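Below: the structure, in structure tokens.
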Amino acid sequence: MSTLHIYNTYSRNMEEFRPLHPSRVGMYVCGPTVYGPPHLGHVRGPVVFDVLRRYLEFSGFAVRHVRNITDVGHLVGDADEGEDKLAKQARLEQIEPMEIAQAYTLSYNEMIRQMNVLPPGIEPRASGHIIEQIEMIQAVMDAGLAYEVNGSVYFDVFAYAKNYDYGKLSGRVLDDLIAGAGNESRELEGQDEKQNPNDFALWKRANPEHIMQWSSPWGKGFPGWHIECSAMARKYLGDVFDIHGGGMDLLFPHHESEIAQSTACTGHNPARYWIHHNMITINGQKMAKSLNNGITVDQLFAGNHPLLEQAYSPMTLRFFILQAHYRSTLDFSNEALSAAEKGLQRLWNAVKVARNLVASESGEYDVQALAKECRVSMDDDLNAPQVIARLFEAARVANLVNDGKMKLTATQITELNALFETWLVQILGIAPEESSDHRALDGVMQMLLDMRVQAKQDKNYALSDSIRDRLTALGFTIKDGKDGSSWSL
Ligand SMILES: [Zn+2]
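Read in order, the letters of the sequence shown are residues 1 to 489 in the numbering used here.
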């Protein structure tokens with residue numbers, strides 16, 4: 001049996017996945033900063049790590065999945081400058097920051113539910129873990145790797161780099177960082193407090209009018225963005241855990257800083273496997289406010305955006321995401337999404353067909369081997385697109401048997417149905433999404449098909465042919481099998 005091999009961003013190698021404990025996996029995935037409605041940039045990570053989790057659970061591991069909610073400390077600028085994203089939105093909408101956090105946590109989790117992503121076991125909020133963050137900042141200071149200036153605390157990157165490898169994860173070299181930092185960033189708010197422009201904030205002093213602030217040993221303030229993930233991952237998963245995941249946009253500064261903070265406290269890189277998914281583009285371009293191509297998931301599901309030719313369902317979006325390898329970029333376009341929609345429909349039709357296949361004495365296809373190949377694909381760095389290709393092969397087999405062009409035994413038919421159930425539904429997490437309209441239509445169609453059978457039995461061929469011809473004219477395909485008729489549109 002093959003075993004899971006996965007690309008570790010930290011080592012830049014494909015590695016065999018061996019969890020710390022033989023039967024348990026700890027996985028921390030960076031969650032959203034909840035200050036706006038979820039958009040296309042938010043969906044890929046949850047789907048990718050959901051499939052990883054589902055596959056680990058299928059493989060027999062108990063997974064503790066932690067995904068945080070960032071509701072404080074994430075500033076508009078990456079270099080610790082600008083307003084807190086939530087505080088800014090609260091000011092614009094003239095409500096409490098925690099109302100912003102609550103509203104957009106709910107809309108994020110609604111998106112998660114629609115996308116059939118399993119909810120994490122623990123969903124900690126940054127604002128609910130201020131004490132843990134203060135304790136961790138204190139530990140970094142005790143290690144001599146942070147300093148306080150005017151009520152703010154900064155991580156001392158130079159002091160850290162004397163003993164540890166700063167920049168290993170993101171591939172940035174400290175000298176480059178210094179050259180790139182330039183003079184202009186020193187003029188940004190708070191930059192003059194830093195001993196070195198590469199240092200990053202662990203705690204920021206709050207002005208009296210700042211709406212989110214807490215007491216600390218350094219006075220009133222709020223935590224930096226990176227420290228929350230270090231503190232919450234450590235609290236729920238321990239000093240060292242198995243998987244830390246996120247998007248490639250988080251490599252620097254967020255994850256690089258997380259490693260530095262945790263290492264400063266415990267002496268260890270907190271995660272054994274760093275896993276990053278690639279980003280999405282829209283019609284070949286990055287998502288950006290200036291390009292006006294930021295599509296929210298609600299707009300996508302309703303088809304309500306100038307760039308969209310139609311609405312796309314959550315499962316079409318999920319299937320589309322999984323058709324690309326998680327480490328490749330993924331480009332959204334109407335053509336690609338409608339191709340995904342058609343492809344998924346073809347698979348569902350085959351799933352239906354497979355349920356009603358008629359067994360033969362002997363079989364002509366090794367279904368078990370195909371299921372094993374699905375496993376081999378998944379073990380090869382979560383190659384979901386290859387699993388999908390094998391599902392299309394299973395669909396081809398189902399249709400051939402249905403058309404009388406291939407034979408399967410009863411056991412093989414059971415295996416074929418199990419293959420769809422396991423790989424399409426359980427592991428890739430593609431749920432059937434028949435609308436109530438569709439269910440009603442199916443009921444009406446079954447009624448018509450039953451009437452047609454009755455007409456044939458009554459030798460009223462004019463009526464039975466008329467039913468079939470009129471349905472065909474409407475675009476329905478009627479297939480007569482030994483166990484009755486089925487339809488597709
Ligand atoms: Zn994080």
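Positions of the beta carbon are idealized from the N, C-alpha and C atoms, including for glycine. As the structure is a prediction and not an experimental result, all values here were calculated from the model.
* **Burial state of Glu96 (16 or more Cβ within 10 Å)** => Residue environment analysis places Glu96 among the exposed positions, since fewer than 16 neighbouring C-beta atoms fall within 10 angstroms of its C-beta.
* To do: On the DSSP bridge assignment, give the partners of Ser486 in chain order.
  => Answer is Lys479.
* Measuring CB to CB, does Glu123 end up less than 8 Å from Met232? -> The Cβ-Cβ distance between Glu123 and Met232 does not fall below 8 Å.
* What residue from Asp50, Ser59, Asp71 has the CA that sits closest to His65's CA? -> Asp50
* Any non-hydrogen atom of ligand 1 closer than 7 Å to Asn68 Cβ -> yes
* So, does the CB of Tyr312 fall closer than 8 Å to a CB anywhere in chain C? -> This model lacks chain C altogether; it includes just one protein chain.
* To do: Name all residues in chain order for which at least one heavy atom of ligand 1 lies closer than 6 Å to the residue's CB.
  => Cys30, Cys229, His254
* Since Tyr108 is in the alpha helix (DSSP H), which residue starts that stretch and which ends it? -> 97 to 114
* Measure the C-alpha to C-alpha separation of Leu391 and Leu300 and round it to an integer number of angstroms. => 26 Å
* Do you know offhand how far Tyr312's Cα is from Asp199's? -> C-alpha separation (whole angstroms): 44 Å.
* To do: Within its chain, find whatever has a CB closer than 6 Å to the CB of Tyr7; leave out the 5 residues flanking it on each side and keep chain order.
  => Met14, Asp381.
* To do: Give the straight-line distance between the Cα atoms of His277 and Pro385, rounded to the nearest whole angstrom.
  => Going by the C-alpha atoms only, they are around 14 Å apart.
* Cross-strand partners of Pro223 (DSSP beta bridge) -> Trp203
* Beta-carbon contacts of Leu145 that lie in its chain and below 7 Å, excluding the five residues immediately before and after -> Phe155, Asp156, Ala159, Tyr160, Ala264
* **Nearest-angstrom Cβ-Cβ length linking Ser360 and Lys407, presumed shorter than 8 Å** => 4 Å
* Quick one: residues in its chain with C-beta nearer than 6 Å to the C-beta of Lys235, no 5 flanking neighbours on either side, listed in chain order? => So the list reads Glu132, once near-sequence residues are dropped.
* Return the bridge partner residues of Gly443 from the DSSP annotation. => DSSP lists no partner for Gly443.
* To do: Please report the residue range of the alpha helix (DSSP H) in which Met279 lies.
  => Segment: none, Met279 is in no alpha helix (DSSP H) and carries neither H nor E.
* To do: List the whole-angstrom C-beta distance separating Asp71 from Ala139, where the pair is believed to meet the contact cut-off of C-beta under 8 Å.
  => A Cβ-Cβ separation of about 23 Å leaves Asp71 out of contact with Ala139 under the 8 Å criterion.
* Check whether Ile388 and Gln446 have beta carbons under 8 Å apart -> no
* Between the Cα of Glu335 and the Cα atoms of Ala354, Glu309, Asn356, which residue gives the shortest distance? -> Glu309
* Hey, would you say Arg54 sits closer than 8 Å to Gly443, going by beta carbons? -> no
* To do: For the alpha helix (DSSP H) containing Glu15, list its first residue and its last residue.
  => Here Glu15 belongs to no alpha helix (DSSP H); instead the beta strand (DSSP E) covers 13 to 16.
* Return helix, strand or coil for Glu148, following the three-state DSSP convention. => strand
* To do: Excluding the 5 residues preceding and the 5 following Gln412 in the sequence, name in chain order all residues of the same chain whose CB lies nearer than 7 Å to its CB.
  => Gly363, Tyr365, Val367
* Relative to the C-alpha of Lys456, which residue among Met141, Ala473, Asp480, Ala418 is closest? -> Asp480
* Asked: Nearest to Asn399 by CA position, among Ser486, Arg452, Trp203, is which residue?
  -> Of Ser486, Arg452, Trp203, the residue nearest in Cα terms is Ser486.
* **Buried versus exposed, by CB contacts within 10 Å (16 or more), Ser152** => buried
* Is Phe222 closer than 8 Å to Gly73 when the C-beta atoms are compared? -> yes
* What is the DSSP secondary structure of Ala468, reduced to helix, strand or coil? -> This sequence places Arg at residue 468; Ala is not what is there. The answer is helix: DSSP assigns Arg468 an H, G or I state.
* Asked: DSSP beta-bridge partners for Ile321?
  -> Per the DSSP secondary-structure output, Ile321 pairs with nothing in a beta bridge.
* Asked: If you draw a straight line from the C-alpha of Thr329 to the C-alpha of Lys220, how long is it?
  -> 42 Å
* Asked: CB-CB under 8 Å to Glu57, same chain, minus the five flanking residues each way: which ones, in chain order?
  -> Val63
* Can you tell me whether Leu474 is buried or exposed, with buried defined as 16 or more other CB within 10 angstroms of its CB? -> exposed
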